[in-house]
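Protein chains in written order, with the numbering used here: chain A, 1 to 250; chain Y, 1001 to 1053; chain E, 2001 to 2203; chain W, 3001 to 3232.
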């Protein structure tokens, strides 16, 4: 098992595997998103309170979920990289951070656009989820800034891994403290909780969207990881052979 | 047409979906550009080294 | 086979260049390991790697035949490091600096006054180090090294800023330490005149 | 080697030695202690000048302003935490010392708090007074600042350790620490606001206390790991 894992995580193998993997993640992901979009926009019945504006959750909730998942990826990758000195794990952090920031940004934008007709304002400080998303975005900025200001890749990997681990604990604290804070100020909540209370024709498109976003995220992550692996291994023999092969291994 | 208007929320709903599309396409495009850039840099460096030898 | 301090298959890559590859050494009590090479050849890096402050691309440093990374505290308790930068506080005087050091590692039962006298810094004990010359500061760092009760001395360019007399003193002190069964790793870009078993690593 | 040698000094001796040394250094350079205090006082002065001196407004915004000012003042002093040690090589000496590095890092953090955090707590009533804060609320402010500045010093030591030796250290440090410090600010300032509004504020105090305990037990290890990484 361990041997298999090591072989799988070996850079040349991963580089080739990821290329095969990308379409297998991207195509189902995009199909799920296409279904979710169609069903969410046209099949699901309008919310009795919010009318058709509720349909924004079909992009907001998946991107908010991905924004947190990407951070967890960074932290777990960093932890594995620090403990087992697995270079590929560090590369996951480097590859996931810009994607996580992009989806955090998307979650903020869509949340804000939802807020305009619902609250009459583009930004509502009293909403705990939007506020924690904003802090999460700053955490991503900090992570990327630290990475880019350390020239030595190995050092940048380890330093940002420590930051991601500290940050992931912080994300939890941010969440609870912001919820407490907004309860003091009678803050509004963005969406009522999904789950059993939601009708099936509303819920299934959402689940499809979440799954589809996850697949697409996987494809994007795999693509960025290939770049990271290639760059980190630029001095090795396998990259040399890859580059010198006619047709290449782009 | 009514279905597209989303009960007067059309502008908000459609812009959210459009932004999502933009973010996903942009992320993919950035990733491709960066990959090609890194690949080309490595290629140039290695071929230059080859010629030296 | 077994030796007190050894390194096997050490490789270090810094930025674009490989400083050393597959390097090894072994050191036993009473022996001196001399790291030779030009400036920038990786002497300091190797020294830092031996001190366990730098993670290597490959290879391990062993102390008593066990990886240093698995017994960092024990190993650090057995060494003192005379680095390029003295690591002393310019705002504090000699006594204050050495008192701080005494809280970190085991101290030899020797008289500070005698050590200072031998190093020629007895009169400077109460002055802030900032007001001392670079050579005098280096002597204070030597005093710190002599006060520590440890078998292994790591000395990175110990002759910097010292006059001929000071250089002779450092060699004498090293000889005495080796004669007592101590060990020494010394990085220098010039040859040394020390009467002991010398093992060389060229970088 | 020699039979008449002394034992390895204990952990507590190491911790206290680091703290004592840093306090002694601060004593010899009082500017390091006073600058953040002046900064704190000045930010607190800026606010009424910017928004006007109306008492109602000052009472409402006082806790928030004092807390933001305290956070910024702490941040200002953090950059120097490991910089001096990094420049003169004594950080390297700490890294090769047989004392556990988290303990030494905790000693440095403790001295940082005593030098920059604790004085803020002490002068905060003076500034709170100008914001027309009642004595009871001042007590709560001091208590939250006491707990909060400990948290900020501990969190900040991680950031300072990660950025030690980097060129753009100061700006980067703020970028790393501010989002991490936001919960502390939020808990601290709102607890004082609650106290000012005669509401139940115990939750905030307990939460800050829990934060202190968590930070005390985790931050020194993160700081130590970060120091080793930064000094490779």
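Glycine is no exception: its CB is placed at the ideal position from the N, C-alpha and C atoms.
Relative to residue 3034/W, the option among 3103/W, 3074/W and 3175/W whose CA is nearest is 3074/W. The criterion of a C-beta distance shorter than 7 Å is not satisfied by residue 2047/E and residue 2191/E. The beta-carbon of residue 1043/Y is placed less than 7 Å from the nearest beta-carbon of chain A.
Assigned with DSSP and collapsed to three states, residue 157/A falls in helix. In the DSSP secondary-structure assignment, residue 2080/E is bridged to 2153/E. In the three-state reduction of the DSSP assignment, residue 58/A falls in the helix class.
Chain W has a Cβ within less than 7 Å of the Cβ of residue 138/A. Residue 3098/W is classed as buried because its beta carbon has at least 16 other beta carbons within 10 Å across all chains shown. DSSP places residue 3191/W inside the alpha helix (DSSP H), whose first and last residues are 3169-3196. For residue 231/A, the C-beta contacts it makes with chain Y under 8 Å involve 1038 and 1042, in order along the chain. Taking 7 Å as the cut-off, the beta carbon of residue 3159/W is found no closer than this to the beta carbon of residue 3141/W. For residue 152/A, the number of other beta carbons within 10 angstroms of its own is below 16, and it is reported as exposed.
Out of 3178/W, 3170/W, 3155/W and 3163/W, the CA that lies nearest to the CA of residue 3211/W is found in 3155/W. In the three-state reduction of the DSSP assignment, residue 2163/E falls in the coil class, being assigned neither a helical nor a strand state. In this structure, residue 3218/W keeps its C-beta atom at 7 Å or more from the C-beta atom of residue 170/A. Against residue 83/A, chain W offers no close residue; the least beta-carbon distance is about 11 Å (beta-carbon pairs closer than 8 Å). Each of 246/A, 247/A, 240/A and 227/A was checked against the Cα of residue 1048/Y, and the nearest Cα belongs to 240/A. In chain order, 77, 80 and 81 place their CB closer than 6 Å to the CB of residue 89/A, counting only its own chain and leaving out the 5 sequence neighbours on each side. Around residue 181/A, the beta-carbon contacts reaching into chain W at under 7 Å are 3186 and 3190. For residue 2093/E, the three-state secondary structure derived from DSSP is strand. When C-alpha distances from residue 49/A are compared across 117/A, 158/A and 184/A, the shortest belongs to 117/A. Secondary structure at residue 2030/E: coil, using DSSP grouped into helix, strand and coil. If only uninterrupted alpha helix (DSSP H) runs of at least 4 residues are considered, those enclosed by the region 3043-3126 of chain W are 3055-3078, 3080-3088, 3090-3095 and 3101-3112. Between residue 63/A and residue 106/A, the C-beta gap is smaller than 7 Å, which places the two residues in contact. Non-local C-beta neighbours of residue 2198/E in its own chain, meaning closer than 6 Å and more than five positions away in sequence, comprise 2032 and 2034, ordered along the chain. Of all residues in the region 3156-3170 of chain W, those with a C-beta nearer than 9 Å to a C-beta of chain A are 3158, 3159, 3161, 3162, 3163, 3166, 3167, 3168 and 3169, reading in chain order.
The beta-carbon distance between residue 3082/W and residue 3161/W, rounded to whole angstroms, is 6 Å. This is short enough to meet the 8 Å contact definition.
When secondary structure is reduced to three states using DSSP, residue 112/A falls in the helix class. Taking every protein chain shown into account, the CB of residue 2137/E has 16 or more other CB atoms within 10 angstroms, so this residue is buried. Nearest C-alpha to residue 2200/E among 2064/E, 2173/E, 2145/E and 2023/E: 2023/E. Look at residue 168/A: its C-beta is not under 7 Å from any C-beta on chain Y. Counting the other CB atoms within 10 Å of its CB gives residue 2043/E a total of 16 or more, which places it among the buried residues. Taking the Cα positions, residue 2140/E is about 7 Å away from residue 2094/E. The Cβ atoms of residue 143/A and residue 160/A lie closer than 7 Å to each other.
In this structure the region 1006-1016 of chain Y does not lie against the region 205-216 of chain A, because fewer than three pairs of beta carbons, one per stretch, are closer than 8 Å. Spanning the alpha carbons of residue 3197/W and residue 35/A requires a straight line of approximately 52 Å.
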